[in-house]
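Protein chains: 2
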Amino acid sequence: MKLLIAQGGGPTAVINQSLVGAVLEAKKNGLEIIGSRYGIQGIVEEDFVELHRLDDEKLNRIAETPGSVLFSTRDKPNQEYCTNILNIFQKHDIKGFFYIGGNDSSETIRIVLEAAKASQYDMKGFHIPKTVDNDLVENDHTPGFPSAARFVAKAMMGLERDNAALPGIHIAIIMGRHAGFLTAAGALGGAHRVYIPEQVFDLDHFAREVKETYEEHGRAILSISEGISGADGNPIITQFVKNEVDAHGNIQLSGLPLGNVLADFLKEKTGISRVRQDTFGYPQRSYPDPSPVDSREARQVGEQAVQLYTEDQLQSASITIKRVSNSPYEIRIEPVELEKVANKTRHLPEEYYDSEKKQLTQAGLDYLMPLVGELPSIETI
Amino acid sequence: MKLLIAQGGGPTAVINQSLVGAVLEAKKNGLEIIGSRYGIQGIVEEDFVELHRLDDEKLNRIAETPGSVLFSTRDKPNQEYCTNILNIFQKHDIKGFFYIGGNDSSETIRIVLEAAKASQYDMKGFHIPKTVDNDLVENDHTPGFPSAARFVAKAMMGLERDNAALPGIHIAIIMGRHAGFLTAAGALGGAHRVYIPEQVFDLDHFAREVKETYEEHGRAILSISEGISGADGNPIITQFVKNEVDAHGNIQLSGLPLGNVLADFLKEKTGISRVRQDTFGYPQRSYPDPSPVDSREARQVGEQAVQLYTEDQLQSASITIKRVSNSPYEIRIEPVELEKVANKTRHLPEEYYDSEKKQLTQAGLDYLMPLVGELPSIETI
C-alpha cells in the first residue's frame, strides 16, 4: 500500500514545499510515498523515485529550491490515459494519488478515481493547489501566487524608482491571461494604473488615461496584463494587424510582442518620446525569493492532503485556502469536492478594482499586502 | 565654500549608497553639501537640495532605496553647457564637484575643471563610479554591477529550474551592449552557453551549439547579450530583415525584439518546438535586492571621494576599485586621473571566457562569485 505524488503544470517558487510537506507527513505516518517524474507522464512510464527514502535534511533543502524537483508536464490526459494511470496504480498497489497543480490536476484526479470506482479498485485522490495566476475557485489564494506577486511588486518598485529618476512612460506586461491578480500586485510596487484582463481594454481610453497620469505626475508607470482584450473579446494585439500586409497582399499578424506594440502606440498617441517597456515573463514564477507566507502555506497544504488520507474520512478532495481574518492575517485550510475546483477560473473580485481609476481599491491592497511578505522601504527627499 | 553632488545616467540598486557615503563624510567634516536634482541639468536650473541638513537616519534609509534619489539625466554637456555649470558654481561658491556616473560623468567633470582653470576659479572635481554594464576601465568592477549581476544570476537560476521541469530551449537576453560582464553572470545561474558582445556571433554556429547542448542535456538554457553582432559589426538582428518586404516592395526592419527573433530562428533551425525567451530588461538595474558587497563598496567610493577633497592632495580624480585578492576577497580603492576613465569602454577579459565552449572559464567564475553575494542553494533528486 503506497502513495504516489506528482507535480503538474508550470513550476512555482514554492511547489517543492507542497511536495515536501506531503512526503514528511507520509514518513511520519510510516507510509511509502513514490514520486512520479514529469507529472502524470512519469506514471504511465513508471519513472518513479522513492521519496520516503530521502532524509529530512535533504527534503528540507528541496523544499527551498524553486521549480518542480520531480519535473512537470503539460499533458492533459483523456479517458484512455487515465485508464493507463489506473492500471499502473493497481500494479504497484498505489492507494493514494496526490497531484500538485492547477484546476486541470483536479480534473485528472477526478477522472482517475471514476475509473477506479468502475474497476472496484479502492483508492483515494487529493488535489494540492498550485498556480501563479491565482485562478482557482474556492480559494482565497493558491500557493505559488504570493511569491509571484512578491516578484511583481518588487520588480515594479524598482521600475518606479527608475522611472522617477529618468521620467517617461514605463509599461510592465504581467502574467495572467484571464485573471488579474498578478497584474494587481503591480499596484503594491507603485504602478499608477493597472489594466486587468477582466475589464474590456479600450485603446483610446488607455491613451487618454496615460496622458492624464503623465500630466499629473510628470511620468506614468503601468501594470498591464498580458491578457487585455477588446470589446470583441479578442486580445488587444489583434487590433494592430490591420495595416500589416505582406508582399503578396495578405494581412499578417505582426508578431510584435504586446509591450512593444503598446509602447509604439503610446508614443504616437501621446507624443511623449520616452516610453519604455518590460515583459516580466518567466521570472515571475521562478525567481528564487519566495514570500515567507507562501512557503509556509505551500508546506501546509501538502501536509493536509496526506493527513486527510490518513484520517480516512474522505475519498477525495481538493485542498483549499480560506482567509479567516486580515489583521492578524489568518487562514483556514479546508477540503472541498474536486468537482468544485475543476475546469473553472477565478477572477479578480470586482470590489478589489476601481474601473474608473484603473487602480486597486483599498480592499484590493488589503487582500494582497499580507501575502507578499515584507517589501523594501522607499525613502525620498 | 560648498560641495555639490549629482547622480547621472541609468540608476542602479546602490547609487544612493554612494551619495549617502559622500554626504555623511561631508557632514563629518562640517562641510555643506548641495544635491543637484536631475544630474547636471539641476545645476544649470539651480534645482538644489541641502543634503547636509538631512539627519543620518534618513540618509541611511535613502542609501537602501534603489534608484537615484536625486533623479538623473541623460544630458551630455557640450562646452557651453559646462561653462554654464561653472557660472553657477562660482555664483554659489561651490568648490567641490562630485558626479556619480559612468565614463561620461568623468568627462563632464574634466571639461568643467578645464573651464574653471581658464577662469582662474579654484575648485576640485571627483568622479564617483557607477555602471551596471561594468564597462569602466581602470576598475576591477564598478558599483552597481554586482547587484545587477546578482539579479541576472538569481533570475537565471530560477529559469534553469523551470527549464529542467518543462524541458526545451530558454533564451535570456541580458543588458550590456558592448561589455559581456552581465551576460557572463548568467553562468552563475546555470546557463549552458553564454554569448557575449565581445565575440563575433555566427548564427549557424549558434544553431549547431544549441542543438548539441540540447542533445547532451535534453534542454538548453542560454545567456545572450543584447549586443551580439555579426562579423560585419552590425547587430545580429539586422540579418533578419532581408526577407521582410512590405506592400510596396520595400525592405523593412521587422522590429521584432532580439529574443523573439532568436527563438523563431532556433525553432526553425533545430526543429525543437518548445523555445521560450525572456528579456531581463530594466529590473537588472533596479530590482531592490542589492548585493551586500555592492552596497558596502558603493558607500565606500562615495566616502573616499570626499576624503580626497578634504585631504587636499589632488585637484581631481576618478575613484576606482582594484581587487587585491580573491580569497579572502579584498579590494583597494584608488584615485586615478579623470582622463584615464573618460570615453573608454572596458570589455570582458579574454581569460574569463572560453570562446569554443561559449562558457565562462574558472577564472571568470572566480571573478564573479565574490561580487554577487550569497545565492540560493539548489537541491535535486
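Protein sequences, first through last, are from chains A and R.
Residue 372 in numbering that gives the first Met the number 0 sits at position 373 of the first sequence, and the numbers go up by one each step.
Residue 238 in numbering that gives the first Met the number 0 sits at position 239 of the second sequence, and the numbers go up by one each step.
Heads up, the beta-carbon is just placed ideally off N, CA and C, and yes, glycines get one too.
Given residue i as reference, the closest of the options once Cα atoms are compared
i	options	result
residue 233(A)	352(A), 70(A), 197(A)	197(A)
residue 320(A)	326(A), 311(A), 304(A)	304(A)
residue 382(A)	76(A), 146(A), 85(A)	With chain A covering only 0 through 380, there is no way to say anything about residue 382(A).
residue 387(R)	60(R), 168(R), 281(R)	Missing from the structure shown is residue 387(R); chain R here goes from 0 to 380 and no further.
residue 228(R)	195(R), 173(R), 348(R)	195(R)
residue 73(A)	141(A), 60(A), 107(A), 188(A)	107(A)
residue 18(A)	315(A), 99(A), 361(A), 332(A)	99(A)
residue 206(R)	263(R), 287(R), 291(R), 179(R)	263(R)
residue 92(R)	120(R), 50(R), 137(R)	120(R)
residue 176(R)	380(R), 376(R), 344(R)	344(R)
residue 7(R)	54(A), 3(A), 129(A), 165(A)	165(A)
residue 146(R)	379(R), 313(R), 371(R)	371(R)
residue 336(A)	358(A), 347(A), 307(A), 362(A)	307(A)
residue 129(R)	334(R), 9(R), 359(R)	9(R)
residue 87(R)	332(R), 32(R), 42(R), 149(R)	42(R)
residue 354(A)	300(A), 117(A), 12(A), 179(A)	179(A)
residue 384(A)	154(A), 200(A), 214(A), 212(A)	An answer regarding residue 384(A) cannot be provided, because it is not within the stretch 0 to 380 covered by chain A.
residue 38(A)	269(A), 71(A), 83(A), 20(A)	71(A)
residue 270(A)	257(A), 235(A), 209(A)	209(A)
residue 152(R)	189(R), 117(R), 137(R), 134(R)	189(R)
residue 25(R)	265(R), 54(R), 346(R)	54(R)
residue 76(A)	214(A), 40(A), 46(A), 34(A)	40(A)
residue 29(R)	0(R), 5(R), 56(R), 36(R)	0(R)
residue 230(R)	215(R), 204(R), 216(R)	204(R)
residue 346(A)	309(A), 226(A), 257(A), 310(A)	226(A)
residue 45(A)	27(A), 89(A), 211(A)	89(A)
residue 309(A)	35(A), 94(A), 117(A)	94(A)
Distance CB(residue i)-CB(residue j) smaller than 8 angstroms
i	j	result
residue 160(R)	residue 294(A)	no
residue 330(R)	residue 126(R)	no
residue 218(R)	residue 162(R)	yes
residue 15(A)	residue 341(A)	no
residue 279(R)	residue 368(R)	no
residue 96(A)	residue 23(A)	no
residue 328(A)	residue 351(A)	no
residue 105(A)	residue 60(R)	no
residue 142(R)	residue 13(R)	yes
residue 58(R)	residue 32(R)	no
residue 183(R)	residue 193(R)	yes
residue 261(A)	residue 220(A)	no
residue 11(A)	residue 378(R)	no
residue 150(A)	residue 282(A)	yes
residue 291(R)	residue 157(A)	no
residue 62(R)	residue 82(R)	no
residue 364(R)	residue 255(A)	no
residue 274(R)	residue 268(R)	no
residue 332(A)	residue 68(R)	no
Closer than 7 angstroms: residue i CB and nearest the ligand NAP heavy atom
i	result
residue 340(R)	The ligand NAP is not part of the structure shown, which contains no ligands of any sort.
Expected contact under 8 angstroms - CB spacing of residue i and residue j to nearest Å
i	j	result
residue 139(A)	residue 181(A)	That pair is no contact at about 15 angstroms.
residue 312(R)	residue 123(R)	Between residue 123(R) and residue 312(R) the Cβ distance is about 10 angstroms, and since that is not below 8 angstroms, they are no contact.
residue 435(A)	residue 172(A)	The structure shown does not extend to residue 435(A), since chain A is modelled only from 0 to 380, so the question has no answer here.
residue 20(A)	residue 300(A)	7 angstroms
residue 374(A)	residue 135(A)	Incorrect: roughly 25 angstroms between the Cβ atoms, too far for contact.
residue 339(R)	residue 137(R)	5 angstroms
residue 334(R)	residue 316(R)	3 angstroms
*Note down, in chain order, all residues in the stretch 290 to 317 of chain R with a beta-carbon under 8 angstroms from any beta-carbon belonging to chain A.*
Answer set for the stretch 290 to 317 of chain R: empty.
*Identify each residue in the stretch 139 to 155 of chain R for which the Cβ-Cβ distance to at least one residue of chain A is less than 8 angstroms, and report them in chain order.*
Within the stretch 139 to 155 of chain R, the qualifying residues are 153, 154.
*alpha helix (DSSP H) runs contained entirely in the stretch 59 to 127 of chain A, provided each spans 4 or more residues*: Counting whole runs of 4 or more residues, the stretch 59 to 127 of chain A contains the alpha helix (DSSP H) stretches 78 to 91, 102 to 117.
*Identify every run of the alpha helix (DSSP H) within the stretch 180 to 254 of chain R, keeping only runs that are complete inside it and at least 4 residues long; order them along the chain.*
Whole alpha helix (DSSP H) segments, 4+ residues: 180 to 184, 202 to 216.
*Which residues, in chain order, does the stretch 3 to 30 of chain R contribute to contact with chain A at a C-beta distance below 8 angstroms?*
Residues passing the 8 angstroms Cβ filter: 6, 9, 10, 12.
*Taking a cut of 9 angstroms between CB atoms, which residues from the stretch 65 to 94 of chain R lie near chain A?*
Under the 9 angstroms Cβ criterion, the stretch 65 to 94 of chain R contributes 65, 66, 67, 68, 69, 70, 71, 72, 73.
*What residues in the stretch 325 to 353 of chain A bring their beta carbon closer than 8 angstroms to a beta carbon of chain R?*
Cβ contacts with chain R come from no residue of the stretch 325 to 353 of chain A.
*Check each residue of the stretch 173 to 190 of chain R: if its Cβ is closer than 9 angstroms to any Cβ of chain A, include it; give the result in chain order.*
From the stretch 173 to 190 of chain R, no residue has a Cβ closer than 9 angstroms to chain A.
*Only counting runs of 4 or more residues, tell me where the alpha helix (DSSP H) segments fall wholly within the stretch 286 to 323 of chain A, in order along the chain.*
The stretch 286 to 323 of chain A contains these whole alpha helix (DSSP H) runs: 291 to 310.
*asked:* Closer than 9 angstroms between beta carbons: that is the criterion. Which residues of the stretch 108 to 121 of chain R meet it against chain A?
replied: For the stretch 108 to 121 of chain R, which is checked against every Cβ of chain A, not one residue is closer than 9 angstroms.
*Taking a cut of 9 angstroms between CB atoms, which residues from the stretch 201 to 217 of chain A lie near chain R?*
Residues: none.
*Determine which residues of the stretch 361 to 379 of chain R have a Cβ less than 7 angstroms from any Cβ of chain A, and write them out in chain order.*
Within the stretch 361 to 379 of chain R, the qualifying residues are 375, 376, 377, 378, 379.
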